[in-house]
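Novice: In my numbering, the protein residues as written are 15 to 135. Glycine included, every Cβ here is placed at the ideal spot set by N, Cα and C. Model, not experiment: these values are computed from the prediction.
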Amino acid sequence: MIRKLPESEGATIGINVSGKIDLEQENQWFEVFNKLIEEHEQINILVVLDGKINFGLDVAYQDLKWIFKHFKNINKLAIVSESKKLAWLVAADSPFGKLVGVSEKHFELSRLQDAWRWVKE
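(1) Looking at the strands, I want to know which residues DSSP matches up with I35.
(2) Just tell me which of I27, W43, D107 and I51 has its CA closest to the CA of M15.
(3) Buried or exposed: A106, going by 16 or more other Cβ atoms within 10 Å of its Cβ?
(4) Please confirm if the segment 78 to 98 is in contact with the segment 47 to 64, defined as three or more CB-CB distances below 8 Å between the two stretches.
(5) Would the beta-carbon of I29 fall within 8 Å of that of L19?
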């Protein structure tokens, strides 16, 4: 399930991702992100991953395809989770993100408010 977080405003959107994600849900959220891009050109995304997530290769492929197409429209990406592996992956990817103009940072769940402050500044 993917749901919009109430702190979302303007060019900044936060989502909570948990459970099973199917292609239909993923495409609905791409429509939301695309509308934000139409309105603001550059957007900030905060993603909270607070549990086990289950998705197929079709969802992963669509996700990567959308991200590669919209690098230029993403200003900041905050990933919020307790996963040490994900924290490491975000840290490893961050220099590459900067090459295409995306600032990305990982936060632990206990620092969710810090993540919101960072992604909105």
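Specialist: Result, derived from the coordinates:
(1) F69
(2) Among I27, W43, D107 and I51, the Cα nearest to that of M15 belongs to W43.
(3) By the 10 Å Cβ count, A106 comes out exposed.
(4) yes
(5) yes
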